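Asker: Residue numbers (this note's numbering): 1211 to 1597. Below: one structure in structure tokens.
Listed below in structure tokens is the structure:
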């Protein structure tokens, strides 16, 4: 089947339209909906650069060469560099704009050194190779970050697949520039390769934007879920979320997986509040939570039950292990006074520990034993661990 100029022109117009609409959608997400604004704005710029690059490419021979060759090529590289910067901004909330800017600057200078005449094979090779490399790095970044656990879930790493396919497509175009150097640089030419390249590029452009938009929305959902589960002052689990984690741990008890609880209550907290004010009390709670973080494993759950009372759920831990953890926590709090109004204010906490037993009908029984042990620690002088 013969390929016509109308087919390639139509596909180029479709690519420009899709990239332009995507730029508007990402801009709306950034400025109107305020959903991951930095990442969304970067994606908007990537799509806008892509649309403008293709537009200038189509207008070659119509507008002066100074406006349609070098600028079009630099914008093409910029679109892939921005895509590479947007991916970590979406997945890890880091925006590596310096490497992206360096890649664009290096390619822009290299393109300036190349003569824009003849078949432009070296320009095509440079742009395609840069695009393939930038997209491949973005794909690897997405693959690694998406494979990590987030709020107890695993985001499917194959969502990075469109980026790998785009990298492969651009690498194929680079290889084609060696096999057919005269035709590859001009996407308007009616060749079989250009037709396949443009069709594939259109599908991948749609898939890439849809996938990254899905990741942005997933990030928003996970953020909302985190806000619903977290105590706003200390960023520990709130009472409802901790109760859910405790019930889940107790359900495993019948299958041979035990757990222990460490109840924590800051000593003389009311006196601290009355003497220094509620702001100091809040600061003391935040400092205590921060001091206890080194004692926690990834599987442990740390929740605020109310006021100055906290509880730590230790899966696969017996009473002896809980005692060691609680004693380490007690020492850390005792060794770190609160710095307030240019003075050090001593802090301490009392601890009650309990281990789940097979005869416990529910998690409330374990919690009650830990609470009773905490009560004994308070009445035996505070700053103690009791079980």
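Where is the CB? At the ideal position from N, CA and C, for every residue including glycine. Predicted model only: the values in this text are computed from it and were never measured.
7 Å is my cut-off, CB to CB: does residue 1437 come that close to chain D?
Answerer: Protein chains in the displayed structure number just one, and chain D is not present.
Asker: So, residue 1283 versus residue 1219, is the Cβ gap smaller than 7 Å?
Answerer: Not in contact: residue 1283 and residue 1219 (Cβ atoms no closer than 7 Å).
Asker: Looking only at its chain, what residues have a beta carbon closer than 6 Å to the beta carbon of residue 1342, apart from the 5 residues adjacent to it on each side?
Answerer: These residues qualify, in order along the chain: 1377, 1380, 1381.
Asker: According to DSSP, is residue 1552 helix, strand or coil?
Answerer: Note: residue 1552 maps to coil in three-state DSSP.
Asker: Output the distance between the C-alpha atoms of residue 1216 and residue 1413, rounded to the nearest integer angstrom.
Answerer: Going from the Cα of residue 1216 to the Cα of residue 1413 covers about 19 Å.
Asker: Assuming residue 1584 and residue 1560 make a contact with CB atoms under 8 Å, what is their CB distance in whole Å?
Answerer: Yes, they are in contact, since the Cβ atoms of residue 1584 and residue 1560 sit about 6 Å apart, within 8 Å.
Asker: Between residue 1322 and the rest of its own chain, which residues show a CB-CB distance below 8 Å, the 5 nearest in sequence each way excluded?
Answerer: Same-chain partners within the cutoff: 1280.
Asker: If I measure Cβ to Cβ from residue 1253 and keep anything under 7 Å in the same chain, skipping five residues before and after, which residues do I get?
Answerer: Cβ within range, chain order: 1236, 1296, 1422.
Asker: Quick one: what does DSSP say residue 1525 is sitting in, helix, strand or coil?
Answerer: Reduced to three states, the DSSP call for residue 1525 is strand.
Asker: Determine which residues share a DSSP beta bridge with residue 1595 and list them.
Answerer: The partner list for residue 1595 (beta bridge, DSSP) reads 1561.
Asker: In terms of residue numbering, what span does the alpha helix (DSSP H) encompassing residue 1491 cover?
Answerer: Where residue 1491 is concerned, the enclosing alpha helix (DSSP H) stretches over 1488-1502.
Asker: Do the CB positions of residue 1497 and residue 1548 come within less than 7 Å of each other?
Answerer: Closer than 7 Å, so yes.
Asker: Go ahead and pull the three-state DSSP assignment for residue 1314.
Answerer: Helix.
Asker: Would you check if the stretch 1449-1468 and the stretch 1529-1549 touch, i.e. whether three or more CB-CB distances between them fall below 8 Å?
Answerer: With a cut-off of 8 Å, the stretch 1449-1468 and the stretch 1529-1549 do not count as touching, because too few Cβ pairs lie within range.
Asker: Counting Cβ pairs closer than 8 Å, one from the stretch 1481-1491 and one from the stretch 1398-1416, do we hit at least three?
Answerer: Not touching, per the Cβ criterion.
Asker: Short check: CB of residue 1316 to CB of residue 1349, under 7 Å?
Answerer: No.
Asker: So is residue 1389 buried or exposed if we call it buried at 16+ other beta carbons inside 10 Å?
Answerer: So residue 1389 counts as exposed.
Asker: Any idea if residue 1277 is buried or exposed, counting beta-carbon neighbours within 10 angstroms, 16 or more meaning buried?
Answerer: So residue 1277 counts as exposed.
Asker: Could you check how far apart the C-beta atoms of residue 1298 and residue 1351 are, in whole angstroms? I think they sit under 8 Å.
Answerer: Going by Cβ atoms, the distance from residue 1298 to residue 1351 rounds to 5 Å, so yes, they are a contact pair.
Asker: If you pair each beta-carbon of the stretch 1553-1573 with each one of the stretch 1470-1480, do three or more pairs fall below 8 Å?
Answerer: Touching, per the Cβ criterion.
Asker: Let me check one thing: in DSSP terms, what residues is residue 1273 bridge-paired to?
Answerer: DSSP, once it has assigned bridges, lists 1270 as partnering residue 1273.
Asker: State the beta-bridge partners of residue 1326 as determined by DSSP.
Answerer: Its beta-bridge partners do not exist; DSSP assigns none.
Asker: Exposed or buried, what is residue 1553 when buried is set at 16 or more other beta-carbons lying within 10 Å of its beta-carbon?
Answerer: The residue in question, residue 1553, is exposed, as its Cβ has fewer than 16 Cβ neighbours within 10 Å.
Asker: Please go through the same chain and pick out, in chain order, the residues whose beta-carbon is closer than 7 Å to the beta-carbon of residue 1362, but skip the five residues on each side of it.
Answerer: Because the pLDDT at residue 1362 is just 43, under 50, the model does not fix this residue reliably, and the value given afterwards should be weighed accordingly. There are no such residues.
Asker: In the DSSP assignment, the alpha helix (DSSP H) including residue 1230 goes from what residue to what residue?
Answerer: Here the alpha helix (DSSP H) through residue 1230 covers 1215-1241.
Asker: Counting C-beta neighbours from all protein chains within 10 Å, is the total for residue 1441 16 or more, i.e. buried, or is it exposed?
Answerer: Classification for residue 1441: buried.
Asker: Could you check which residue in 1418, 1420, 1417, 1387 has the C-alpha nearest to that of residue 1404?
Answerer: Measuring from the Cα of residue 1404, the nearest candidate turns out to be 1387.
Asker: Taking one C-beta from the stretch 1226-1245 and one from the stretch 1256-1266 each time, how about it: are there three or more such pairs within less than 8 Å?
Answerer: They touch, by the three-pair rule.
Asker: Opposite residue 1466 in the DSSP bridges: which residues?
Answerer: Note: residue 1466 sits in no beta bridge, so no partner.
Asker: Give the straight-line distance between the Cα atoms of residue 1228 and residue 1239, rounded to the nearest whole angstrom.
Answerer: Cα-Cα distance, rounded: 16 Å.
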